[in-house]
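A.B. asks:
Protein chains: 2
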Amino acid sequence: MTEKTSPPLYRRIADDLAEAIRGGAYGGGRGLPSESELSRAYGVSRGTVRQAFAQLRASGVVSSRQGARRQAQGEQRLQSMSELLSFSQWARSIGEVPGSREITAATTGSTAVVAAALDLAEGSQVLHVVRVRLLSGSPAMLEDTYYPERLAPLILSADLARDSLTERLERQGVHLEEAEHHIRAVPATPCVAELLDVAEGAPLLRTTRRTTEPNGRVVEFSVDHYRGDAVAFVVRNSAASTTTARVTAPGAG
Amino acid sequence: MTEKTSPPLYRRIADDLAEAIRGGAYGGGRGLPSESELSRAYGVSRGTVRQAFAQLRASGVVSSRQGARRQAQGEQRLQSMSELLSFSQWARSIGEVPGSREITAATTGSTAVVAAALDLAEGSQVLHVVRVRLLSGSPAMLEDTYYPERLAPLILSADLARDSLTERLERQGVHLEEAEHHIRAVPATPCVAELLDVAEGAPLLRTTRRTTEPNGRVVEFSVDHYRGDAVAFVVRNSAASTTTARVTAPGAG
DNA sequence: AAGTGGTCTAGACCACTAC
DNA sequence: TAGTGGTCTAGACCACTTG
Numbered sequence: 015m016t017e018k019t020s021p022p023l024y025r026r027i028a029d030d031l032a033e034a035i036r037g038g039a040y041g042g043g044r045g046l047p048s049e050s051e052l053s054r055a056y057g058v059s060r061g062t063v064r065q066a067f068a069q070l071r072a073s074g075v076v077s078s079r080q081g082a083r084r085q086a087q088g089e090q091r092l093q094s095m096s097e098l099l100s101f102s103q104w105a106r107s108i109g110e111v112p113g114s115r116e117i118t119a120a121t122t123g124s125t126a127v128v129a130a131a132l133d134l135a136e137g138s139q140v141l142h143v144v145r146v147r148l149l150s151g152s153p154a155m156l157e158d159t160y161y162p163e164r165l166a167p168l169i170l171s172a173d174l175a176r177d178s179l180t181e182r183l184e185r186q187g188v189h190l191e192e193a194e195h196h197i198r199a200v201p202a203t204p205c206v207a208e209l210l211d212v213a214e215g216a217p218l219l220r221t222t223r224r225t226t227e228p229n230g231r232v233v234e235f236s237v238d239h240y241r242g243d244a245v246a247f248v249v250r251n252s253a254a255s256t257t258t259a260r261v262t263a264p265g266a267g
Numbered sequence: 015m016t017e018k019t020s021p022p023l024y025r026r027i028a029d030d031l032a033e034a035i036r037g038g039a040y041g042g043g044r045g046l047p048s049e050s051e052l053s054r055a056y057g058v059s060r061g062t063v064r065q066a067f068a069q070l071r072a073s074g075v076v077s078s079r080q081g082a083r084r085q086a087q088g089e090q091r092l093q094s095m096s097e098l099l100s101f102s103q104w105a106r107s108i109g110e111v112p113g114s115r116e117i118t119a120a121t122t123g124s125t126a127v128v129a130a131a132l133d134l135a136e137g138s139q140v141l142h143v144v145r146v147r148l149l150s151g152s153p154a155m156l157e158d159t160y161y162p163e164r165l166a167p168l169i170l171s172a173d174l175a176r177d178s179l180t181e182r183l184e185r186q187g188v189h190l191e192e193a194e195h196h197i198r199a200v201p202a203t204p205c206v207a208e209l210l211d212v213a214e215g216a217p218l219l220r221t222t223r224r225t226t227e228p229n230g231r232v233v234e235f236s237v238d239h240y241r242g243d244a245v246a247f248v249v250r251n252s253a254a255s256t257t258t259a260r261v262t263a264p265g266a267g
């Protein structure tokens with residue numbers, strides 16, 4: 015009985031516009047409908063239309079200048095937060111087939127670093143999952159993820175080679191509210207090098223990721239190593255918005 | 015005669031709140047002033063106060079839940095876009111002394127890649143500036159920046175070892191509206207290794223950056239190499255906002 | 001000059017939280 | 001139950017762009 019309260023009007027309008035823009039309408043610098051046109055069309059006040067546009071502007075979908083009609087901001091795939099979190103969703107969105115080879119999935123005592131990241135006492139039991147993530151069959155990333163023990167049953171009952179854990183968690187009512195990623199460059203250690211099929215010492219993008227629920231509880235802490243020749247991150251920012259995305263490295267050697 | 019139009023009311027309110035939060039008021043989960051309190055205090059309508067809060071929420075400074083007072087979102091230094099763009103501003107914000115060693119500053123013909131990034135015809139003249147950027151005296155980044163020729167007089171009249179070009183451009187009326195950063199890991203080439211004082215093949219964070227004015231004209235295209243052991247990037251995202259920052263690498267080896 | 005987005009007001013009702 | 005934020009309306013004036 016999860017009562018769905020109907021979404022607000024401005025949301026509906028924003029979604030309609032976003033979909034039309036994705037579909038290629040408003041392409042060639044022609045300008046979007048004006049606020050007055052939309053408020054007539056939807057039978058709402060101008061304030062509601064402005065609220066819809068505020069949301070689109072914050073996510074980088076449209077730009078605006080006083081006096082002129084709003085413009086659709088082309089190209090940039092509106093990567094949602096879930097797309098940045100889920101390897102599977104991301105892979106599918108760029109037309110690759112996601113896959114993974116499970117290396118480990120076991121409960122262990124936590125080290126100081128892991129315990130701190132998960133807000134637990136050092137030595138607490140945590141679930142440690144190690145997977146090599148594949149893009150259409152070739153290794154792209156080594157994922158080292160730690161979950162608090164309470165999530166262990168949920169995770170271990172999944173098919174780690176095939177399922178998207180992120181999607182599974184969402185379906186089970188674990189909502190991912192906020193994530194923090196730290197991105198740096200490190201050399202491949204022998205062990206990582208072998209798993210990713212690169213030379214020892216080869217440059218890797220190492221990201222650590224900490225994801226929390228709306229109430230602040232930590233859902234996962236993950237240390238990921240991307241092949242430096244396979245993946246890059248894109249940050250796009252303006253006064254109005256900042257967006258981030260993961261992309262396959264262009265001109266990869 | 016640059017007439018300063020006074021900023022809107024909601025901006026003033028948002029700035030006041032942001033500064034109070036930075037200063038540590040509203041620290042211990044006590045909740046911010048309510049909308050009605052603020053509208054009384056400033057003598058404005060509730061809509062104006064909400065506009066101020068919308069801005070703070072979009073930049074990740076406050077969170078809100080229906081029914082409860084808004085909360086300040088601790089710690090995260092509100093890095094503005096300019097702080098991500100300007101090495102000097104960033105260095106000062108983390109308490110380091112910015113510096114640079116100029117390597118090259120000359121006009122040259124553009125390669126295909128540079129010309130494409132600057133929206134010019136291949137072979138057009140561009141200004142090429144190469145600098146080693148220092149954090150309190152030690153090399154942290156090699157910066158390879160290309161400017162369209164029209165900006166050459168402005169750039170060349172600066173003291174490249176000391177001035178912040180970003181700040182100089184802003185003062186001269188060149189407003190930086192949008193930037194796109196691509197971040198990946200690459201091995202140090204012999205030449206770069208020597209300039210950054212690292213071993214050949216050492217992992218570096220390479221970012222390419224393309225910055226545009228409000229009218230879409232490209233201001234700069236830059237290829238930067240950060241020492242992998244010195245610098246990291248942080249991306250923090252939630253449903254409400256995404257922010258990015260550059261940080262010095264923790265536990266650097 | 002007409003149209004557009006930016007700012008602001010003064011109300012209203014609702015869903016939710018805190019006590 | 002009182003207070004809070006979320007949604008929405010119907011107006012107003014202004015700054016700016018476009019013809």
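Protein sequences, first through last, are from chains E and P. Throughout, my numbering is defined as the position within the first sequence, counted from one, plus 14. Throughout, my numbering is defined as the position within the second sequence, counted from one, plus 14. Don't be surprised by glycine CBs; every beta carbon is placed ideally from N, CA and C. No experiment lies behind these values; they were computed from the predicted model shown.
Ala199 of chain P lies in the beta strand (DSSP E); which residues open and close that run?
C.D. replies: Taken as a continuous stretch (DSSP letters only), the beta strand (DSSP E) holding Ala199 of chain P covers Glu192 to Pro201.
A.B. asks: Which complete alpha helix (DSSP H) runs does the region 86-145 of chain P hold, if anything under 4 residues is left out?
C.D. replies: Whole alpha helix (DSSP H) segments, 4+ residues: 95-99, 101-107 and 126-131.
A.B. asks: Quick one: list the residues of chain P neighbouring Phe247 of chain E, beta-carbon separation under 7 Å, in chain order.
C.D. replies: Chain P residues near Phe247 of chain E: Ile197.
A.B. asks: For Leu70 of chain P, would you say it is in contact with chain E, using Cβ-to-Cβ distances shorter than 8 Å as the test?
C.D. replies: Closer than 8 Å: no.
A.B. asks: Just checking: is the beta-carbon of Gly113 of chain E within a distance shorter than 8 Å of some beta-carbon in chain P?
C.D. replies: Not closer than 8 Å to any Cβ of chain P, the Cβ of Gly113 of chain E fails to qualify, so no.
A.B. asks: With 8 Å set as the bound, which would you pick, yes or no: does the beta-carbon of Ala129 of chain E sit closer than that to a beta-carbon of chain P?
C.D. replies: Chain P, which has no Cβ nearer than 8 Å to the Cβ of Ala129 of chain E, makes this no.
A.B. asks: Got a sec, what are the start and stop residues for the beta strand (DSSP E) Arg71 of chain E sits in?
C.D. replies: Looking at the DSSP string, Arg71 of chain E is not in any beta strand (DSSP E); the run it does join, the alpha helix (DSSP H), is Arg60 to Ala72.
A.B. asks: Measure from the C-beta of Glu49 of chain P to each C-beta in chain E and report whether the shortest distance is under 8 Å.
C.D. replies: It does not; no Cβ of chain E falls within 8 Å.
A.B. asks: Starting from Ser219 of chain E and walking both ways along the beta strand (DSSP E), at which residues does that stretch end?
C.D. replies: In the sequence under discussion, the amino acid at residue 219 of chain E is Leu, which differs from the Ser named in the question. Per DSSP, Leu219 of chain E belongs to the beta strand (DSSP E) from Pro217 to Thr226.
A.B. asks: Leaving out five residues before and five after Arg185 of chain P in sequence, what residues of the same chain have Cβ atoms less than 6 Å from its Cβ?
C.D. replies: Nothing meets the Cβ criterion.
A.B. asks: Looking at chain P, is there any beta carbon in it that lies within less than 8 Å of the beta carbon of Ala105 of chain E?
C.D. replies: Not one chain P Cβ lies under 8 Å of Ala105 of chain E.
A.B. asks: Once the 5 residues before and after Arg115 of chain P are set aside, which same chain residues still bring their CB inside 6 Å of it?
C.D. replies: The answer, listed in chain order, is Val146.
A.B. asks: From what residue to what residue does the alpha helix (DSSP H) around Ala246 of chain E run?
C.D. replies: From DSSP, Ala246 of chain E is part of no alpha helix (DSSP H) but of the beta strand (DSSP E) over Val245 to Ser252.
A.B. asks: So Arg250 of chain P contacts chain E; which residues on that side make the cut at Cβ distance below 9 Å?
C.D. replies: Under the 9 Å cutoff, chain E gives Glu192, Ala193, Glu194 and His195.
A.B. asks: Taking the straight line between their C-alpha atoms, what separation do you get for Arg83 of chain P and Ser20 of chain E?
C.D. replies: Taking the straight line from one Cα to the other gives about 24 Å.
A.B. asks: Just to confirm before moving on: does the CB-CB distance between Thr10 of chain P and Gln103 of chain P stay below 8 Å?
C.D. replies: For residue 10 of chain P there is no data in the structure shown, the boundaries of chain P being 15 and 267.
A.B. asks: Indicate whether at least one CB of chain P lies closer than 8 Å to the CB of Arg64 of chain E.
C.D. replies: Cβ-Cβ to chain P under 8 Å: no for Arg64 of chain E.
A.B. asks: If we define contact as Cβ-Cβ less than 8 Å, is Leu132 of chain P a contact residue for chain E?
C.D. replies: No, Leu132 of chain P does not count as interfacial toward chain E.
A.B. asks: Can you grab the Cα-Cα spacing for the pair Tyr40 of chain P / Leu31 of chain P, in whole Å?
C.D. replies: Distance between the alpha carbons of Tyr40 of chain P and Leu31 of chain P is about 10 Å.
A.B. asks: Pull out every residue of the region 155-176 of chain E whose Cβ sits closer than 8 Å to any Cβ of chain P, in chain order.
C.D. replies: Residues passing the 8 Å Cβ filter: none.
A.B. asks: With H, G and I counted as helix, E and B as strand and the rest as coil, what does DSSP make of Asp29 of chain P?
C.D. replies: In this structure, Asp29 of chain P counts as helix in the three-state DSSP scheme.
A.B. asks: Please classify Ala253 of chain E as buried or exposed, where buried requires at least 16 other C-beta atoms within 10 Å of its C-beta.
C.D. replies: When all chains shown are included, Ala253 of chain E counts as exposed.
A.B. asks: Which residue or residues does DSSP assign as beta-bridge partners of His239 of chain P?
C.D. replies: In the DSSP output, where bridge partners are listed per residue, His239 of chain P has P:Leu156 and P:Arg220.
A.B. asks: Relative to the C-alpha of Ala193 of chain E, which candidate in E:Arg224, E:Arg54 and E:Val75 has its C-alpha closest?
C.D. replies: If we check each option's Cα against that of Ala193 of chain E, E:Arg224 comes out closest.
A.B. asks: My output table needs one value for Pro162 of chain P: the three-state DSSP class, helix, strand or coil.
C.D. replies: Pro162 of chain P: strand per DSSP, three-state reduction.
A.B. asks: Quick one: Cα of Ala120 of chain P to Cα of Tyr160 of chain P, how far?
C.D. replies: Whole-angstrom Cα-Cα distance: 10 Å.
A.B. asks: Just to confirm my understanding: we take Ala172 of chain E, look at its own chain, exclude 5 residues before and 5 after, and list those with CB closer than 7 Å. What are they?
C.D. replies: For Ala172 of chain E, where only same-chain residues beyond five positions count, the Cβ hits under 7 Å are Leu179 and Arg182.
A.B. asks: Which residue's Cα is closest to the Cα of Glu234 of chain P: P:Ser59, P:Ser100, P:Arg36 and P:Ala86?
C.D. replies: Answer by Cα proximity: P:Ser100.
A.B. asks: To the nearest angstrom, how far is it from the Cα of Met15 of chain E to the Cα of Gly187 of chain E?
C.D. replies: Its pLDDT being 43, under 50, Met15 of chain E is placed unreliably in this model, and the coordinates cannot settle the point.
A.B. asks: Between the alpha carbons of Pro204 of chain P and His239 of chain E, how many angstroms are there, rounded?
C.D. replies: One C-alpha to the other measures close to 24 Å.
A.B. asks: Within this structure, are the beta carbons of Leu209 of chain E and Leu156 of chain E separated by less than 8 Å?
C.D. replies: Cβ atoms of Leu209 of chain E and Leu156 of chain E: closer than 8 Å.
A.B. asks: Using 8 Å as the limit for Cβ to Cβ distance, is Thr256 of chain P near chain E?
C.D. replies: Closer than 8 Å: yes.
A.B. asks: Could you check if Glu51 of chain P is buried or exposed, using at least 16 other CB atoms within 10 Å of its CB as the buried criterion?
C.D. replies: It counts as exposed.
A.B. asks: Between the C-alpha atoms of Asp3 of chain P and Val237 of chain P, what's the straight-line distance to the nearest angstrom?
C.D. replies: What is shown of chain P runs 15 to 267, which leaves residue 3 of chain P out entirely.
A.B. asks: Ordered along the chain, which non-local residues of its own chain (more than five positions away) have a Cβ less than 6 Å from that of Val232 of chain P?
C.D. replies: Taken in chain order, the residues that qualify are Leu132, Asp133 and Thr226.
A.B. asks: Could you spell out the range, first to last residue, of the alpha helix (DSSP H) harbouring Val206 of chain P?
C.D. replies: Per DSSP, Val206 of chain P belongs to the alpha helix (DSSP H) from Pro204 to Leu210.
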